[in-house]
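Below is one structure, written out as structure tokens, with a few remarks after it.
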Amino acid sequence: MRSRLWYSNRTHAAVVGCSLLFVTFGMTPPAHAADPTGCTRSSLDAGGVRVTCAAGVPAGQSVEGTDFTDIIEITGTVAGSIVSRGGDDRITVTAAPGGTRPGRGGAPGPAGVTGAIDACEGNDTVTITGGRGGDAPPVQSGANQLVAPGGLGGDALTGTIRTGTGKDTVTLTGGQGGAGRAAGTSGGVALVATDGGGGGDGTSGGAVIDIGSGDLTDFLRITGGKGGPAGPGRTSSLDPAAGGGGGTAVAALNLLGTHTGTRPDVLLQGGTGGQRSSAPNSLGGNGGPGVQTFDGTSVPGINVTIAGGSDAPGAGANRFANVGIRARFTASMGPDTVSVTGGTIANGSTAYAAGVFAALRSLAGDDTLTVFGNRGLVDCGSGNDAYNYLSPRGVNSDCETITNLGRS
């Protein structure tokens with residue numbers, strides 16, 4: 391929890407996290423810091439402000455709201471910070487798209503938030519979308535374009551979000567992958583179409599979400615970006631152009647909080663695969679996994695639904711792609727309800743990928759774990775726990791009640 395102090399000869403103000411407490415003698419609090427270049431600010435009828443920024447929030451700079459309901463809309467990356475203070479605020483961050491790189495394909499989309507957002511008190515809505523990957527440019531004469539796929543979508547969150555004490559809704563979506571290059575001719579050489587870019591992740595790197603304290607339910611919706619479409623036209627018979635793979639909902643996330651009431655409601659959805667082209671042997675993209683690494687050990691309890699993304703029609707077989715949990719999901723120290731399923735499979739012996747490919751671990755508390763296809767480990771931990779599964783059952787330990795729901 392951050393803290394800073396502001397003093398004058400007549401006023402003492404303390405900021406503890408997002409809470410601004412004044413003991414005043416006829417003075418008003420200090421004005422907000424200057425907005426970054428490219429931002430405009432206007433007043434709203436209810437006392438809050440609308441802040442619109444066209445070039446993101448650079449590192450070391452900040453956008454501040456008021457103690458009333460504010461609307462903060464950012465186009466570009468938030469590398470600095472947003473502090474919305476009180477009120478039922480709406481914060482929207484949409485990263486800019488990636489460009490094109492002649493001869494090299496589309497540029498990656500930038501991340502949405504690499505810095506920090508403090509949503510503070512109130513029932514706030516925070517929506518972040520990673521940048522769309524750049525489309526691969528057309529074939530150009532004389533350029534080295536043997537490999538020129540669409541750009542990767544940008545990740546939504548690699549920084550920190552703090553939501554405060556209200557009933558908050560956080561929606562994170564990885565950027566869509568860029569389109570692959572269309573087939574063409576350069577210097578008399580026929581070049582085939584290329585792959586679409588992979589979708590960005592909902593969270594990655596050192597991403598942290600702190601849902602704060604209080605007794606209200608927070609809602610977290612995190613989705614991997616959709617894969618970009620395959621480039622149109624002739625494609626290689628040995629390495630056919632394919633749609634990009636869907637992004638991972640949570641490549642990495644540390645969830646924090648000390649809430650005292652109902653558990654936060656969390657949905658983690660892998661991105662869908664990119665579309666194939668009309669070429670006879672073009673392939674659709676595979677869906678992305680729901681979770682790579684998730685750490686919820688610092689919250690008292692959570693309700694989580696995890697699902698892999700769906701394969702696009704015509705996707706190749708890949709049993710590692712759109713599973714629910716690819717590596718490790720660690721639930722909280724309190725009672726948890728966790729449901730895990732893989733995404734739909736376009737080319738395989740089963741309709742869905744495995745829910746758990748590696749490990750699902752719950753710790754303390756009376757937990758209910760439901761897994762649609764376990765090909766890894768389910769560790770129920772301590773407490774009176776229930777493990778419900780669709781076959782295969784996989785390896786499980788410390789589960790007091792085990793129920794077979796049928797076959798996946």
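So for the sequence shown, this note's numbering puts the first residue at 391; every next one is plus one. Every residue gets a Cβ at the ideal spot worked out from N, C-alpha and C, and that includes glycine.
- Exposure label - Q530; buried when at least 16 CB within 10 Å: exposed
- Per DSSP, C429 forms a beta bridge with which residues? C443
- Is the beta carbon of A597 less than 9 Å from the beta carbon of R552? no
- Message: Under 8 Å: do the region 753-764 and the region 709-722 share three or more Cβ pairs, one atom per stretch?
- Response: yes
- Task: Provide the residue span of the beta strand (DSSP E) that contains Q682, from first to last.
- Result: V681 to S688
- Alpha carbon of G623 to alpha carbon of T517, nearest angstrom: 37 Å
- Query: Ordered along the chain, which non-local residues of its own chain (more than five positions away) have a Cβ less than 6 Å from that of T662?
  - Reply: K616, G636, G677, G699 and S700
- Task: Output the boundary residues of the beta strand (DSSP E) element that contains G574.
- Result: G574 to S576
- Query: Going by Cα to Cα distance, which pick from P527, V681 and L562 is closest to F710?
  - Reply: V681
- Query: Counting Cβ pairs closer than 8 Å, one from the region 476-487 and one from the region 454-464, do we hit at least three?
  - Reply: yes
- Select from N786, C443 and G524 the residue whose C-alpha is nearest the C-alpha of T490. G524
- Please look up how many angstroms separate the CB atoms of D788 and D757, rounded, as I've assumed it's under 8 Å. D788 to D757, Cβ: 10 Å. No contact.
- Considering only residues of the same chain and omitting the five flanking positions on each side of V439, which have a CB-CB separation below 7 Å? R431, S432, S433, G455, T456 and D460
- Task: Closer than 7 Å by C-beta to D591: which residues in its own chain qualify, once you throw out the five before and the five after it? Chain order, please.
- Result: D545, G564, G614, G637, T638 and A641
- Item | Close beta carbons around T561, own chain, < 6 Å, minus the five adjacent residues each side | T517 and R611
- Output the residue ranges of the alpha helix (DSSP H) runs that lie fully inside the region 708-777 and measure 4 residues or longer, sorted by chain position. none
- Task: Compare the C-alpha of G556 against each of G577, N513 and A526 and name the closest.
- Result: N513
- How is the beta strand (DSSP E) around V516 delimited, first residue to last? T515 to T519
- Query: Got a sec? Which residues, its chain only, sit under 8 Å from A436 by beta carbon, not counting five neighbours each side?
  - Reply: F458 and T459
- Would you report the Cα separation of G495 and S594, rounded to the nearest angstrom? 24 Å
- Message: Suppose contacts are defined by Cβ-Cβ distances below 9 Å. Is G543 in contact with G505 by that definition?
- Response: no
- By Cβ distance below 6 Å, which residues in the same chain neighbour T559 in space, the five residues on each side in sequence not counted? T515 and F609
- Item | Inter-residue Cα distance where the pair is N644 and P679 | 17 Å
- Please list, in chain order, all residues of the same chain as A705 whose beta carbon is under 7 Å from its beta carbon, the five residues on each side excluded. G663, L673, G674, G675, N676, A736 and N737
- Message: So T695 and M723 are supposed to be a Cβ contact under 8 Å. How far apart are they, rounded?
- Response: So it is not a contact: roughly 20 Å between Cβ atoms.
- Alpha carbon to alpha carbon, how far is A721 from R653? Give it in angstroms, no decimals. 12 Å
- Task: Label L795 either buried or exposed according to how many other C-beta atoms from any shown protein chain fall within 10 Å of its C-beta, with 16 as the threshold for buried.
- Result: exposed
- Message: Does S787 come out as helix, strand or coil in the three-state DSSP assignment?
- Response: strand
- Query: How close, in whole Å, do the beta carbons of G574 and A631 come, if the pair is a contact with beta carbons under 8 Å?
  - Reply: No, G574 and A631 are not in contact; Cβ-Cβ is about 13 Å, not under 8 Å.
- Message: Which residue wins for smallest C-alpha separation from G470, given the options V537, T550, T442 and A697?
- Response: T550
- Report the three-state DSSP secondary structure of T695 (helix, strand or coil). strand
- Task: Pull up the distance between the alpha-carbon of L411 and that of G602, whole angstroms please.
- Result: With a pLDDT of only 35 at L411, under the threshold of 50, the placement of this residue in the model should not be trusted; the figure read from the coordinates follows. So the two alpha carbons sit approximately 18 Å from each other.
- Less than 8 Å between the CB atoms is what I'm expecting for G618 and G586, so what's the real figure, rounded? 3 Å
- Message: My output table needs one value for G674: the three-state DSSP class, helix, strand or coil.
- Response: strand
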